[in-house]
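Notes for the one structure printed next.
In full-length UniProt numbering, the protein residues as written are 1 to 729.
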């Protein structure tokens, strides 16, 4: 990258430009002008902000001790700086404050600006006026930062020359960046998958039908189903998740099956009335569609955001697609076209299918192997971490950790939280809790903590500190006694006396007084309004050495919180809480999926009226699901919520195949029509084309569905063929 001097100039130029944007509330890069501004504020208000300010601190004994320590510090490496401070600050409050603000975790400085620990990056900290949930505003802010960077680079090129081999580049991280990136990724994936899925299925149908009119009619159920799904979710939830729209592209894979069955099985000519097709085949298709609806109906009761939407989208879409196929397409096609006769191709398929029956043992062997593999991986089969659903790459997460470490920011993994009826009450609670947490620091349980009270003490604390400040005459008298035996005269501390009096006259600090300083960023990030209450966040730092290295003993922290006497106080391990929440959703989804499976079995029992036939229909589907799960386990993929959705889809799609073979065995004397076999193959290809594309998606929730349904649909058809008893018609 560019050299350190160039990075520093770019950092200063960007900071200057960004501060002119109303989008940003804070822009900091550690330059000297900002440090001077903050130091002036700290110096002017040191007697309100320093935790050492007590009545004892300003007694004769306290002043003597403080002045003696300050004089002793003059012999240190910082003695030249302290010498100029001594007349104003003989008690050392400014040095104490500089050590407290930032808690010793301030970023490194290189060439006058913040830099990473290794010196390879210049760092800027930017806070937006808009909330993190306002993604449009966040995207606008990100675009503004990129534009400012490009402008700064252009200026740098023109004034300082350019080293072509080492151009600078901009990287950003943070919740706003992550949210916008996730939204953009999902949006682009929805568009990409919709286009690719549509083109793939369109090409497949054109190759099958050889007629644009037939293709257009064949896609009508798909379009109708997608629109019905969007309308249903909009009415039911008011908004649609991007993943739900992405899932809509996969509806092509199943909804198009219905028109394939209609066109090919009936052959759509005058010699084969549609009514005959409806009598012979529609009950089977309808039952397959209802198995899908029953399976997805279970998802409607999910508490996980998105799953209920997927369930409603699927139900509305499939019902509409099936209805259009049954009642609209036959009316539109009358006398318009006829479809190529696939009987010869179906006979060829029948021949190979009959030969394949010699491999009837294969599903049984694969089932046994799958059960062994699943049992061996049972402890690591499911992912219980919410991060498994995150669209962020490991590189993005590593960058975020690196930038946080460079700025000295806590990782946000552990929080102590207190609340109050107003901001003042929340600050008071934070101060009381801070006392208990400080004991944990001394014990080595935590490395440190941040608190909003460090940047703005409560009014009560400030009033107490003001009350401990003596009057001018009293302070002069105490100083004369305090310097006894010290190599300094009391008169030298006249500036100190004046500063104390100015503080007494000025009164307590309010939030508005911090505006324009770095302390404002600290207080605004840690003191938040939530509905009618205020909450104070106290991020905890994890020890990096000692017996508690890289972890925090939650039990000890909770004991400290209880000891603080705060009723509305909590310890939160964010990752653990998120993972526990996700694990609860996962258990719920497993229960709902099993409920959906039970509903499907019950539906089949009512429709087929034969446990044997139900077992014959379900066997290839369940074997296919188990084999796919075993394959995922072998490749190191842990199952998530969306893999469950994929399993339901595999059963839903595959039920059409096994039901047609069951119909052939039970109602057609064991014979299956060649055109029916051809339609099943074409429908399977369309399904795999629609769902298989998801396997290549970088969005984990879509990828999970793709890697499950793609191979699952193929195996469901293959196993249905191998386990069925049929002959060519």
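All C-beta atoms in this analysis are idealised placements derived from N, C-alpha and C, irrespective of residue type, glycine included.
Who are the near neighbours of residue i in its chain, counting only those whose CB is closer than 6 Å to its CB and skipping five residues on each side?
{"i": "residue 420", "result": "426, 429 and 534"}
{"i": "residue 307", "result": "299"}
{"i": "residue 643", "result": "704 and 708"}
{"i": "residue 718", "result": "none"}
{"i": "residue 711", "result": "628"}
{"i": "residue 281", "result": "265"}
{"i": "residue 632", "result": "none"}
{"i": "residue 391", "result": "182, 185 and 699"}
{"i": "residue 196", "result": "693"}
{"i": "residue 626", "result": "370"}
Ignore the nearest five residues each way along the sequence and tell me which others in residue i's own chain have a CB closer than 8 Å to its CB.
{"i": "residue 601", "result": "614 and 618"}
{"i": "residue 187", "result": "242"}
{"i": "residue 283", "result": "none"}
{"i": "residue 10", "result": "2, 122, 149, 152, 153, 156 and 168"}
Going by CA-CA distance only, name the one from the options that's closest to residue i.
{"i": "residue 255", "options": "316, 607 and 30", "result": "316"}
{"i": "residue 781", "options": "93, 244, 36 and 207", "result": "Beyond the ends of the chain as shown, which are 1 and 729, falls residue 781; an answer cannot be given."}
{"i": "residue 653", "options": "716, 530 and 447", "result": "716"}
{"i": "residue 97", "options": "144, 156, 110 and 44", "result": "44"}
{"i": "residue 136", "options": "240, 176 and 111", "result": "176"}
{"i": "residue 346", "options": "8, 681 and 488", "result": "681"}
{"i": "residue 634", "options": "375, 465 and 575", "result": "375"}
{"i": "residue 514", "options": "24, 507 and 523", "result": "523"}
{"i": "residue 5", "options": "114, 46 and 58", "result": "114"}
{"i": "residue 470", "options": "444, 483 and 499", "result": "499"}
{"i": "residue 227", "options": "324, 399, 678 and 94", "result": "324"}
{"i": "residue 511", "options": "457, 607, 235 and 313", "result": "457"}
{"i": "residue 730", "options": "586, 409, 577 and 639", "result": "This structure leaves residue 730 out entirely; the chain is present only between 1 and 729."}
{"i": "residue 571", "options": "416, 293, 399 and 360", "result": "416"}
{"i": "residue 224", "options": "141, 318, 61 and 170", "result": "318"}
{"i": "residue 126", "options": "220, 215, 181 and 19", "result": "19"}
{"i": "residue 561", "options": "546, 26 and 540", "result": "540"}
{"i": "residue 26", "options": "473, 482, 55 and 525", "result": "525"}
{"i": "residue 99", "options": "454, 191 and 218", "result": "454"}
{"i": "residue 129", "options": "140, 121 and 119", "result": "140"}
{"i": "residue 444", "options": "544, 625 and 199", "result": "544"}
{"i": "residue 29", "options": "55, 66, 197 and 12", "result": "12"}
{"i": "residue 380", "options": "640, 286, 365 and 330", "result": "640"}
{"i": "residue 557", "options": "482, 194, 440 and 693", "result": "440"}
{"i": "residue 547", "options": "213, 446, 81 and 659", "result": "446"}
{"i": "residue 683", "options": "178, 590 and 218", "result": "218"}
{"i": "residue 32", "options": "367, 110 and 436", "result": "110"}
May I ask you to list the residues that DSSP assigns as paired with residue i?
{"i": "residue 414", "result": "573"}
{"i": "residue 159", "result": "None, per the DSSP bridge assignment."}
{"i": "residue 122", "result": "115"}
{"i": "residue 202", "result": "In the DSSP output, where bridge partners are listed per residue, residue 202 has none listed."}
{"i": "residue 481", "result": "None, per the DSSP bridge assignment."}
{"i": "residue 420", "result": "534"}
{"i": "residue 445", "result": "In the DSSP output, where bridge partners are listed per residue, residue 445 has none listed."}
{"i": "residue 109", "result": "114"}
{"i": "residue 27", "result": "126"}
{"i": "residue 639", "result": "382"}
For residue i, which residues in the same chain have their Cβ closer than 7 Å to its Cβ, ignoring the five residues on either side in sequence?
{"i": "residue 479", "result": "63, 490 and 493"}
{"i": "residue 686", "result": "201, 204, 253, 256, 257 and 260"}
{"i": "residue 14", "result": "124, 148, 149 and 152"}
{"i": "residue 495", "result": "87 and 88"}
{"i": "residue 565", "result": "432"}
{"i": "residue 517", "result": "37, 38 and 41"}
{"i": "residue 509", "result": "45, 48, 456 and 462"}
{"i": "residue 551", "result": "542"}
{"i": "residue 723", "result": "360, 363, 619 and 620"}
{"i": "residue 106", "result": "408"}
Could you check how far apart the C-beta atoms of residue i and residue j are, in whole angstroms? I think they sit under 8 Å.
{"i": "residue 340", "j": "residue 210", "result": "6 Å"}
{"i": "residue 349", "j": "residue 700", "result": "That belief does not hold up - the Cβ atoms of residue 349 and residue 700 are roughly 37 Å apart, past 8 Å."}
{"i": "residue 648", "j": "residue 593", "result": "6 Å"}
{"i": "residue 356", "j": "residue 721", "result": "6 Å"}
**Q.** Ordered list of alpha helix (DSSP H) runs contained in the stretch 497-542, each at least 4 residues
**A.** 518-526
Q) Counting only runs that start and end within the stretch 559-635, where is the alpha helix (DSSP H) found for 4 or more residues in a row? A) 574-608 and 611-634
**Q.** Segments assigned alpha helix (DSSP H), at least 4 residues, entirely inside the stretch 320-397
**A.** 329-333, 343-356 and 361-376
Q. Curious, which full-length beta strand (DSSP E) runs of at least 3 residues does the stretch 46-101 contain?
A. Along the stretch 46-101, the beta strand (DSSP E) does not occur as any fully enclosed run of 3 or more residues.
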